[in-house]
Amino acid sequence: MVTELTRTTQATRTPSTQRRRPELAAFLRSRRARVTPADVGMPPGLRRRTPGLRREEVAQLSGVGVTWYTWLEQGRPINASPQVLDAVARTLRLDSPEREHLYRLAEVPFEPDREVLTRRVGPHVQDIMDALDPLLAVVYNARYDVLATNAAYRDLFVVPDTPGIDVPNVLWTLFTLPDGACPLVQREQELPLMVATLRSAYGRHVGEPAWEDYIRGLCGESPWFAALWASGEVVLPGPRVKRFRHAAVGEMRMSSQSLSIDGMPECRIVVYTPEDEETREKVALLRERRQRLWSPAYTTENPAP
Numbered sequence: 649m650v651t652e653l654t655r656t657t658q659a660t661r662t663p664s665t666q667r668r669r670p671e672l673a674a675f676l677r678s679r680r681a682r683v684t685p686a687d688v689g690m691p692p693g694l695r696r697r698t699p700g701l702r703r704e705e706v707a708q709l710s711g712v713g714v715t716w717y718t719w720l721e722q723g724r725p726i727n728a729s730p731q732v733l734d735a736v737a738r739t740l741r742l743d744s745p746e747r748e749h750l751y752r753l754a755e756v757p758f759e760p761d762r763e764v765l766t767r768r769v770g771p772h773v774q775d776i777m778d779a780l781d782p783l784l785a786v787v788y789n790a791r792y793d794v795l796a797t798n799a800a801y802r803d804l805f806v807v808p809d810t811p812g813i814d815v816p817n818v819l820w821t822l823f824t825l826p827d828g829a830c831p832l833v834q835r836e837q838e839l840p841l842m843v844a845t846l847r848s849a850y851g852r853h854v855g856e857p858a859w860e861d862y863i864r865g866l867c868g869e870s871p872w873f874a875a876l877w878a879s880g881e882v883v884l885p886g887p888r889v890k891r892f893r894h895a896a897v898g899e900m901r902m903s904s905q906s907l908s909i910d911g912m913p914e915c916r917i918v919v920y921t922p923e924d925e926e927t928r929e930k931v932a933l934l935r936e937r938r939q940r941l942w943s944p945a946y947t948t949e950n951p952a953p
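Counting in the working numbering, the sequence shown runs from 649 upward without gaps.
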């Protein structure tokens with residue numbers, strides 16, 4: 649029976665699975681070799697041939713059977729649960745990227761560690777943002793917190809700190825602005841898309857206090873947000889053309905593009921590019937207005953328009 653089950657399993661293995669198993673075996677052996685008995689509080693013992701832990705030691709420390717772990721490290725087609733992989737990862741002292749790599753090789757859905765939302769960017773990211781001026785640029789995390797902006801973005805938008813989370817949040821601002829104050833021209837079309845994009849990220853954070861408090865708080869502040877959230881619509885981030893209004897220059901049409909940031913999971917730089925020459929000219933006018941306002945020669949007797 650065991651032989652027949654093995655044959656059936658092997659027959660249904662895909663080329664991807666066949667390639668992953670040897671990679672998994674090699675990865676586990678290399679991680680085991682770097683962990684010494686002293687690292688896990690075990691005596692070194694005599695006649696130790698392996699540079700790190702023995703297979704039976706990894707199995708013992710992980711609470712799994714020696715045969716099962718041996719087969720896993722040999723790349724045999726056996727199933728592994730997230731709980732067991734987590735135990736092996738702890739024993740082998742895998743960091744977050746290594747743990748994710750282990751899950752991928754074992755073909756088990758990976759759930760990242762729940763962490764506090766990213767709230768800041770490094771100086772190099774800010775340098776890139778500033779260099780994009782006169783294009784508008786902003787860094788969002790998955791919850792639409794505003795982590796960084798450049799001067800061109802601030803020419804058009806003012807996003808105040810959001811009560812309770814101490815950082816500016818675009819969705820919270822847009823849903824709680826007084827009627828007529830929203831900078832989005834097509835508010836009825838744009839805000840439902842943003843809520844659907846938020847929900848696509850929420851699936852990775854269900855149950856996390858920061859996310860649950862945010863959703864619950866915004867539902868309480870805005871019945872419209874609550875209704876959109878209850879609809880269950882899901883949309884992935886993507887390029888769009890949006891229309892904005894500004895008191896000084898009027899309506900502007902912008903194309904948005906999202907760029908990922910290495911080392912900042914679930915964060916993106918969103919760059920707004922003028923969609924037509926008229927908008928490009930208005931962006932230039934706002935930039936000139938800003939430069940006059942901050943010019944050393946500017947005084948209250950010579951105000952900018």
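Backbone N, C-alpha and C define an ideal beta-carbon position, used for all residues, glycine too.
Rounded Cβ spacing between residue i and residue j (contact assumed at less than 8 angstroms)
i: Ala796; j: Val787; result: 4 angstroms
i: Pro885; j: Arg847; result: Going by Cβ atoms, the distance from Pro885 to Arg847 rounds to 12 angstroms, so no, they are not a contact pair.
i: Ala896; j: Leu941; result: Not quite, the Cβ-Cβ distance comes to about 11 angstroms (not below 8 angstroms), so this is no contact.
i: Ala790; j: Ala849; result: 4 angstroms
i: Thr845; j: Val883; result: 5 angstroms
i: Val688; j: Leu709; result: 6 angstroms
6 angstroms CB neighbourhood of residue i in its chain, flanking five on each side removed
i: Phe758; result: Glu748 and Tyr751
i: Arg959; result: Residue 959 lies beyond the stretch modelled for the chain, which goes from 649 to 953, so this question has no answer here.
i: Arg669; result: Gly723
i: Pro922; result: Arg928 and Val931
i: Arg888; result: Ser904
i: Pro840; result: Leu876
Cβ shell of residue i (< 8 angstroms), same chain only, five flanking positions each side left out
i: Pro816; result: Asp793, Val794, Val807, Pro808, Asp809 and Thr810
i: Asp924; result: Arg901
i: Pro730; result: Tyr751, Val756, Pro757 and Glu759
i: Arg677; result: Glu721
Environment of residue i [buried if 16+ CB atoms lie within 10 Å]
i: Ala800; result: buried
i: Glu836; result: exposed
i: Ser744; result: exposed
i: Gly700; result: buried
i: Glu704; result: exposed
i: Leu866; result: buried
i: Val919; result: buried
i: Glu721; result: buried
i: Ala785; result: buried
i: Ala674; result: exposed
i: Pro771; result: exposed
Beta-carbon proximity list for residue i, same chain, < 7 angstroms, skipping 5 on both sides
i: Ala707; result: Gly713, Val714 and Tyr717
i: Gly711; result: Ala735
i: Arg938; result: Ala799 and Asp803
i: Leu742; result: Arg679 and Leu750
i: Val833; result: Arg891, Phe892, Arg893 and Glu899
i: Leu733; result: Leu750, Tyr751, Ala754 and Val756
Contact test: residue i Cβ vs the ligand MN heavy atom, cutoff 8 angstroms
i: Ser870; result: The model on display carries no ligand, and the ligand MN is accordingly not part of it.
C-beta neighbour in chain C for residue i, strict 9 angstroms
i: Leu933; result: As a matter of chain content, chain C is missing from the structure shown, which is built from one protein chain.
Three or more C-beta pairs under 8 angstroms: does that hold for the stretch 742-754 against the stretch 765-780? no
Quick one: which unbroken alpha helix (DSSP H) runs of 4-plus residues sit fully inside the stretch 807-865? Chain order, please. 818-824 and 835-850
Do the stretch 797-805 and the stretch 846-856 meet, that is, are 3 or more Cβ pairs less than 8 angstroms apart? no
Between the stretch 856-872 and the stretch 896-908, can you find at least three pairs of beta-carbon atoms closer than 8 angstroms? no
Could you pull out every unbroken beta strand (DSSP E) segment of at least 3 residues lying fully inside the stretch 769-795, listed in chain order? 784-788
Per the contact definition of three or more C-beta pairs closer than 8 angstroms, is the stretch 814-831 in contact with the stretch 877-884? no
Quick one: which unbroken alpha helix (DSSP H) runs of 4-plus residues sit fully inside the stretch 667-695? Chain order, please. none
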